[in-house]
Amino acid sequence: ENSKSVSRHRIQAQVTFEEYYVHMLLKQFDKMMILKRISHCSRFTRCVSSTPVERNLDFGLERSKMTGAQIQEVMQLPPLRRARPFSVEFQPFSFGVPPTDERYSIDEIRFRSKSKGLLEVVHDMDALAQYSPSTWRRLFDERSGSTVWPFGSGVWSKLEWVLPGMDSKDVVSLFEGNSNLFWVERFGKELGMSDVWVKQCGNSHTGSFKDLGMTVLVSQVKRLIRKRVKNANGLEIQAVGCASTGDTSAALAAYCAAASIPAIVFLPANKISIPQLIQPIANNAVVISIDTDFDGCMGIIKQVVEEYPIYLANSMNPLRLEGQKTVSIELAQQFDWKVPDWIIVPGGNLGNVYALYKGFRMMMDLGLTERMPRLVCAQTHAANPLYRAFMKPGGLAVLENFEPMVAQHTSASAIRIGDPISYNRAREAIIKTNGIVEEATEEEIMEACARGDRTGMFNCPHTGTALAALIKLRERGVIGKNDRTVVISTAHGLKFPDFKVAYHEQTLEDLGTRFKNPPISVKANVGAVVDAIRSRISCL
1 ENSKSVSRHR IQAQVTFEEY YVHMLLKQFD KMMILKRISH CSRFTRCVSS TPVERNLDFG
61 LERSKMTGAQ IQEVMQLPPL RRARPFSVEF QPFSFGVPPT DERYSIDEIR FRSKSKGLLE
121 VVHDMDALAQ YSPSTWRRLF DERSGSTVWP FGSGVWSKLE WVLPGMDSKD VVSLFEGNSN
181 LFWVERFGKE LGMSDVWVKQ CGNSHTGSFK DLGMTVLVSQ VKRLIRKRVK NANGLEIQAV
241 GCASTGDTSA ALAAYCAAAS IPAIVFLPAN KISIPQLIQP IANNAVVISI DTDFDGCMGI
301 IKQVVEEYPI YLANSMNPLR LEGQKTVSIE LAQQFDWKVP DWIIVPGGNL GNVYALYKGF
361 RMMMDLGLTE RMPRLVCAQT HAANPLYRAF MKPGGLAVLE NFEPMVAQHT SASAIRIGDP
421 ISYNRAREAI IKTNGIVEEA TEEEIMEACA RGDRTGMFNC PHTGTALAAL IKLRERGVIG
481 KNDRTVVIST AHGLKFPDFK VAYHEQTLED LGTRFKNPPI SVKANVGAVV DAIRSRISCL
């Protein structure tokens, strides 16, 4: 009876994943065993209230009895009768400008609209809406952490929401994503808060969140090369290039190396850390050090890709944002499909602010979540064009409030950008979420980093910028003591050792060092060692 019932469901216009999953299991196990599991297992009856860990553990028991082909089948959406296929295309970014009828294939090599504006990857939301919210939640949960290619990636586990036409043989993945969500209990208590978290996006292959977008972009390039797609000059792609403040170049070099595609990176001379510089060198990229800042490098790369068969990898290309938006979906998963109150993200070129917004917006539009979080973009005082516009009369609603600036020296070198490409994207994200833009001085960044490190974190200066924004907004009462707040950590602290050494050795001019912890040098005898310990731990 159950088998017939499921068969009847399958010929209807829509089939839920739960019914399809039970139907598949009925083929493999005794009917009474299945009924027993349904009656006792919260996976089937209380999916939303059980945790992702519980659901995955339960699935693991069933998966151990399946063949590889059966596991692969579970990782796919159930078939629909007369289903509308998923599709994506490039369209001009339309916030604040008149809409147009421009449409471009995702396989077309194009980085700007006819009016030289930004492009956006637009999904057929009606096609995605053919499946229920519970179906999507279940599918994403089952794929999470899988060894089935390519769904073990935190990005490609959401393939249908990223690039649905992507063939798995074109995917270039280093199993990015699925990053730790760290409850910073002690740090939160110091701020009088109980629900503060850090999303460790820097715990990735190249040590930054840029991996999330680069897997999408390089996979698409591999696809275009295989299909021998030509650019506007009639030339097939020969390499991928980017301007970078350090993290983008590292990610591009690694993913291109994995795909056997030449990579070219333009770096501002003497403005990135040694670990950031050595990464693309080690991965055999062509590294060009240019006597200018990031904005100057960006101007050069835009000219180069127009004339030569080099594919642009900067976030002006919207493909990267499709991977970065999966952080929002991961956060919802990790909170059992509940949305935080606040998301605080460092902002430089500002693409990541919009990517997070886009991920949350897609989930809400498709019914997986019920509301949007408020976004906070945290900028360094040395490069804060979005903050300056936000603080002017009319704020971000007035497009003319934006003025490019010459970025000054800052330890947060990856966000040292005075003319961000994604300014208009960030405007939409902040306005549509009733968000805030905050800035942090160099001293505030240093102190926030060190303060966080003392509670168990190990922060890069960009994460320090976001932590400083949290401290300031909490002190002003903007963020409440019970608000669930997530700070996006964009890179690993090990990529930026120099600024930590300078802070703790007190070699920074005119900057406070309240939380300094320099090493103590002593002679090789027990008495001197004990005295040194007691100078720091007085109760001994």
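Be aware that the sequence shown starts at 1, since it is given in UniProt numbering, and climbs by one per residue.
Ideal placement from N, C-alpha and C gives every residue a C-beta, glycine not left out.
Computed from a predicted structure; not experimentally measured.
Fewer than three pairs of CB atoms, one per stretch, sit closer than 8 Å, so the segment 506-526 makes no contact with the segment 221-241. Between Gln276 and Asp295, the CB-CB gap reaches or exceeds 8 Å.
If you ignore the 5 residues before and after Met391, its C-beta comes within less than 7 Å of no other C-beta in its own chain. With a 10 Å radius around the Cβ and a threshold of 16 neighbouring Cβ atoms, Lys199 comes out buried. The criterion of a C-beta distance shorter than 8 Å is satisfied by Arg451 and Phe515. The alpha-carbon separation between Gly464 and Thr135 amounts to approximately 38 Å.
The residue from Gln91, Trp161 and Ala239 with its alpha-carbon nearest to that of Lys116 is Gln91. Between the beta-carbon of Asn349 and that of Ile417 there is about 5 Å, and that keeps the pair under the 8 Å contact cut.
Lys481 is not a Cβ neighbour of Glu438, given a cutoff of 8 Å. The segment 149-231 is shown to contain whole beta strand (DSSP E) runs of 3 or more residues at 181-183 and 196-200, in chain order. When secondary structure is reduced to three states using DSSP, Glu438 falls in the strand class.
In the three-state reduction of the DSSP assignment, Pro461 falls in the helix class, which pools H, G and I. Assignment of beta-bridge partners to Tyr104 by DSSP yields Phe90. A distance below 6 Å between beta-carbons, with the five flanking residues on each side excluded, links Pro164 to the following residues of its chain, in chain order: Phe86.
Non-local C-beta neighbours of Ala313 in its own chain, meaning closer than 6 Å and more than five positions away in sequence, comprise Leu217, Val240, Cys242 and Leu252, ordered along the chain. Between the alpha carbons of Gly323 and Arg534 lies a gap of roughly 50 Å. Residue pairing by DSSP places Ile344 opposite Val376 and Val487 in a beta bridge. Within its own chain, the residues whose Cβ lies closer than 7 Å to the Cβ of Phe458, once the five positions on either side in sequence are excluded, are Gly493, listed in chain order. For Ala263, the CB contacts under 6 Å within the same chain, skipping 5 residues up- and downstream, are Val240, Leu252, Ala253, Cys256 and Ala285 in chain order. One alpha carbon belongs to Arg82, the other to Leu128, and they sit about 14 Å apart. A distance below 6 Å between beta-carbons, with the five flanking residues on each side excluded, links Pro340 to the following residues of its chain, in chain order: Pro373, Arg484 and Val486.
Under the 10 Å beta carbon count, Lys114 is surrounded by fewer than 16 other beta carbons and is classified as exposed. Cβ-Cβ separation between Ser146 and Asn178: approximately 10 Å, too far for a contact (criterion under 8 Å). Straight through space, the alpha carbons of Met193 and Ile225 are spaced by roughly 51 Å.
Rounded to whole angstroms, the separation of the alpha carbons of Thr455 and Ser244 is 31 Å. According to the DSSP assignment, Ser535 belongs to the alpha helix (DSSP H) that extends over Val526 to Arg536. Taking the CA atoms as reference points, Arg84 sits about 42 Å from Phe266. Contact check for Ala259 and Val172: beta-carbon distance about 4 Å, within the 8 Å limit, so the pair qualifies. Exclusion of the five residues before and after Pro461 leaves Ser411, Ala412, Ile445, Cys449, Phe496 and Phe499 as the residues of its chain whose Cβ lies within less than 7 Å of its Cβ.
A distance below 8 Å separates the beta carbons of Val74 and Glu142. The bridge partners DSSP lists for Ser273 come to none. Between the beta-carbon of Ala250 and that of Gln220 there is about 19 Å, and that puts the pair past the 8 Å contact cut. In this structure, the CA atom of Phe111 is about 33 Å from the CA atom of Arg137.
Shown here for Thr292: same chain residues with a beta carbon closer than 7 Å to its own, the five before and five after excluded, namely Pro268 in chain order. Leu470 is not bridged by DSSP to any residue. For Gly351, the enclosing alpha helix (DSSP H) covers residues Gly351 to Asp365.
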